[in-house]
Structures are given as structure tokens and as C-alpha cells.
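Working notes, structure below.
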């Protein structure tokens, strides 16, 4: 029996002007299938068909037929489908239920009424597969984005689904986390689990994938042709131009200990960041990258030491950009920033710069994850901030969107702003950074260069 069978499947969200999915025919009978395509092409919507969130949770209009292990999705409850389908969202922050890691991983098993002894064994196995045994007793709220991704996957693997539907599972993972995930996927597929994975970091998954399907504008397209048309590198950046309006911008960090509830994550941090620099902060999941950015931004008070910031607006992008988006349209988000920034820049030009002109009138939280990431960047970077702090800015982005981000970062640096990027995207760091800092062993050290990580064997 096929894991997933789609026949002339179409779907439109409530009130949408155009369908999210159109006339899709596809069969997945096992192995690992990569789902590729630009942000907003329909990948997340297609994955949500697998566990019935489309149409049961989101509503809207569905046509054609979708079957999961022979069950008609339109006629089967999400609770029933959850026995066969393990789903990990693009935003793992939204998937946690319990406050402690071990309980959170066990949550699905509790719902399935798995006996306690078996539950413990499955939780132990899933934590081991995902390389997060050491996090067992941690509070979920203290985890980094990458750690949360691995914990969410552990919770799904513990349920031993017959079909895995994973949405951008590598987006926040360091090299060790990516290697653990690849190993967990390989083991699951060898055990007979089918997997459908939407991802932009394709080099890491291609070696273990059996097939690839490509989406474009809600339709399935020719994957080979689409891949041949994709450039391996980014779009070339603009010239540096003249240094400009914020040349005096500078950040000074003196003897800072940074952390939460009096527990230091980083100790004795001393940094001088100057206008025109693009500083990449790299390091393993949980090593303190986000803590450093939040402390520099002033969102987290130093436990010891001082931080001196430049005058002017501070632009901060958190790992979960959804928390920034509260207004009814993307245009109104950008308008609010420009009104408080005072820069003589039009909303239309900002939307154009980030490739968002077609969604300016949309509610930002209804956009795809990649579009929502760009929307948050457009909202915080509009105008002329003197300091920009971006936490995993390429999360969920396709190649074209990442090129737009690079141009925006270069424009800021050219005007003399301080730009700091916390990232696992080593290609981005290698292309953009004038300096590289690494968070490691409770401190921050300078790197001579950043190496591009190889795909796990």
C-alpha cells in the first residue's frame, strides 16, 4: 500500500485569491523523497495534507483525492492520521507542549497510551538517535532553536510513524545536529519508514534520498529541469560604494557575562564592533549565539560587565520572526518601522528589495515560513538602523531570497551600520563576513576564517 497517493489534488486556503495547490498527482511508496521549490511554492501546504491539517485544521476548499496508507485524508480525522504520520513543523517553537524535554518527547506516546515501560524505552531510543540525551532534564524554554528542532524530531520518532513529513528540519542545525538528523533519517528509512522532506539545504540530504519532486506555484514541476536551472552560487553582490551616513556606529562589550536567571552562558566577553563591519557569529547549537545577540541588543541585561551601543535605531531579528509580526498587512509593518526610523524610503521600494511586492497586502502570519522570514527582515531592516542583529536570517530561505538578504546586509554595511549575523549557514558567512566570531566553551573567540561545512557521510 502506498504511503501517500495524490490524485488531481487542489487546495485553497479560506479567502485566498489563488490556490495553494493545483492539480497534483504524486505517489510515494517508501524511501526518502525530497520536496524542493521556492518559498511560497506550496511545499508546507502539501506536507500538511499528509497529517490532515489541510483541510481539517486550516479549512478552505480541497479537491481531488489524497490518501495516506489508503485512508482518505478528507474523511479521516487528524487524530487517526497521527498514528501513521509524524510531522515536524518549520517552527519547532510551536510544537512543544511540556516544559521539560523528556516529558515533551513522551507526549505523543502518552496520547497513544503506550505502556510506561515501552514508553521509556522509546524515549531513550529517540533521544539517542537525535543526539540530545544530554538535554533530557533541560527546560524546553532554555533550548536553542537547533536544539528544539532535534527535540521535536525525537518526539516524532518516538511514535514510530510509517510516514515522516518534515518541514525544513535542517534550517537551524549545526554540523553535529545535521549529522545526527541524517543518521536518524537513514535508520528510520532502513526500518521501513517513508519520508517526505521539504528542505533548502539539499546537499546534506541528496546522498540518502531515493527521489526528488519539485514544486512551483502550487504545482509539481520537472525536478531535473528545475535543478539544472538553479545556480550553485548566490546572485553577485553590488559594489561597496561610498561609506556613508552612520560611519560613527560602534559597539563596545566590556567584561560581559551573559545568560539567564543568574546562570551565565558566556563569560568575560570583550568585543569592539565597528561601523561597516559584517560580523558572523558561528558555533554549535546551545553555545550562546542567540544569548550574545540578545545581550548586545539590550533585550538581555548582562549579569556582569557593560555594553555600549551606537545612537540610532537597533534592528533585531529573533530566531522565530513570527513574534515580530502583529499588524494586519505587511505594508503596515514596514510603514510602522519607517515612521519611527524617519528615513525617506518608500514602502514599495522595501517590498521590492525583498521580493515581497506580491504579498504586501497579506497578513504576515499567513505567509509561508520563507516569506515570513523575509517579511520580518523587511520590517526590521527598512530605513537606516545603526545596528542590525540577525539571528539565523536565512532560515527557510531559497537561493533568490538569500541573495536579496545579502544585498540588504551589504547596503547597511556600506552606509556604516554594524551588522551581526548569528548563523549556521557557513556559505553566507564566507561570502559576507568581514569578521567571524565563534561561541565556544562559554566564551567568544575570533576566527581567522569560516570553513564551509561538508555534507555528513
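Residue numbers (this note's numbering): 3 to 459.
For each residue, glycine too, the CB sits at the ideal point set by N, CA and C.
Just the Cα atoms here: how many angstroms apart are residue i and residue j?
i, j, result
"residue 381", "residue 117", "49 angstroms"
"residue 386", "residue 260", "28 angstroms"
"residue 392", "residue 318", "6 angstroms"
"residue 58", "residue 207", "30 angstroms"
"residue 192", "residue 31", "14 angstroms"
"residue 74", "residue 115", "25 angstroms"
"residue 113", "residue 412", "49 angstroms"
"residue 280", "residue 409", "12 angstroms"
"residue 443", "residue 218", "44 angstroms"
"residue 357", "residue 341", "21 angstroms"
"residue 83", "residue 335", "37 angstroms"
"residue 331", "residue 347", "18 angstroms"
"residue 133", "residue 187", "13 angstroms"
"residue 213", "residue 7", "15 angstroms"
"residue 439", "residue 425", "11 angstroms"
"residue 50", "residue 33", "19 angstroms"
"residue 108", "residue 394", "28 angstroms"
"residue 338", "residue 130", "46 angstroms"
"residue 81", "residue 324", "27 angstroms"
"residue 351", "residue 29", "42 angstroms"
Determine the contact status of residue i and residue j, defining contact as a CB-CB distance below 7 angstroms.
i, j, result
"residue 404", "residue 196", "no"
"residue 363", "residue 305", "no"
"residue 419", "residue 384", "no"
"residue 253", "residue 268", "no"
"residue 92", "residue 371", "yes"
"residue 46", "residue 169", "yes"
"residue 161", "residue 220", "no"
"residue 64", "residue 222", "no"
"residue 461", "residue 89", "The chain is shown only over 3 to 459; residue 461 falls outside these bounds and no answer can be derived."
"residue 67", "residue 9", "yes"
"residue 421", "residue 414", "yes"
"residue 295", "residue 378", "no"
"residue 333", "residue 349", "yes"
"residue 137", "residue 103", "yes"
"residue 441", "residue 290", "yes"
"residue 86", "residue 163", "yes"
"residue 286", "residue 176", "yes"
"residue 215", "residue 55", "no"
"residue 461", "residue 373", "Since the first and last residues shown for the chain are 3 and 459, residue 461 lies out of range."
"residue 172", "residue 203", "yes"
"residue 156", "residue 128", "yes"
Ordered along the chain, which non-local residues of its own chain (more than five positions away) have a Cβ less than 6 angstroms from that of residue i?
i, result
"residue 40", "400"
"residue 98", "106 and 142"
"residue 388", "248, 251, 312, 314 and 419"
"residue 16", "61 and 62"
"residue 288", "146 and 149"
"residue 140", "103"
"residue 302", "296"
"residue 353", "359 and 362"
"residue 406", "356 and 357"
Assuming residue i and residue j form a contact by the criterion Cβ under 8 angstroms, report the distance between their Cβ atoms to the nearest whole angstrom.
i, j, result
"residue 166", "residue 181", "Not quite, the Cβ-Cβ distance comes to about 18 angstroms (not below 8 angstroms), so this is no contact."
"residue 198", "residue 416", "Their Cβ separation, rounded to whole angstroms, is 42 angstroms, which puts residue 198 and residue 416 out of contact at 8 angstroms."
"residue 437", "residue 448", "7 angstroms"
"residue 431", "residue 282", "4 angstroms"
"residue 262", "residue 101", "At roughly 15 angstroms, the Cβ-Cβ gap does not stay under 8 angstroms, so residue 262 and residue 101 are not in contact."
"residue 398", "residue 375", "5 angstroms"
Name the two residues that bound the continuous alpha helix (DSSP H) containing residue i.
i, result
"residue 122", "118-131"
"residue 190", "177-192"
"residue 428", "428-434"
"residue 280", "Taken as a continuous stretch (DSSP letters only), residue 280 belongs to no alpha helix (DSSP H), being part of the beta strand (DSSP E) at 280-284."
"residue 113", "103-113"
"residue 149", "147-159"
"residue 293", "291-299"
"residue 375", "371-383"
Would residue i pass as an interface residue toward chain B - the criterion being a Cβ-Cβ separation below 7 angstroms?
i, result
"residue 373", "Included in the structure is just one protein chain, with no chain B present."
Apart from the five residues just before and just after residue i, which ones in its own chain have a Cβ nearer than 7 angstroms to its Cβ?
i, result
"residue 299", "316, 318 and 391"
"residue 473", "Only positions 3 to 459 of the chain appear in the structure, and residue 473 is not among them; the question remains open."
"residue 95", "150 and 322"
"residue 23", "11, 12, 13, 44, 47, 48 and 220"
"residue 292", "146, 321, 393 and 424"
"residue 53", "80, 83, 84, 87, 89 and 167"
For the beta strand (DSSP E) containing residue i, list its first residue and its last residue.
i, result
"residue 65", "63-70"
"residue 56", "Note, residue 56: premise wrong, no beta strand (DSSP E); not H, not E."
"residue 199", "196-200"
"residue 424", "420-424"
"residue 35", "34-39"
"residue 345", "Run containing residue 345: none; DSSP gives neither H nor E here."
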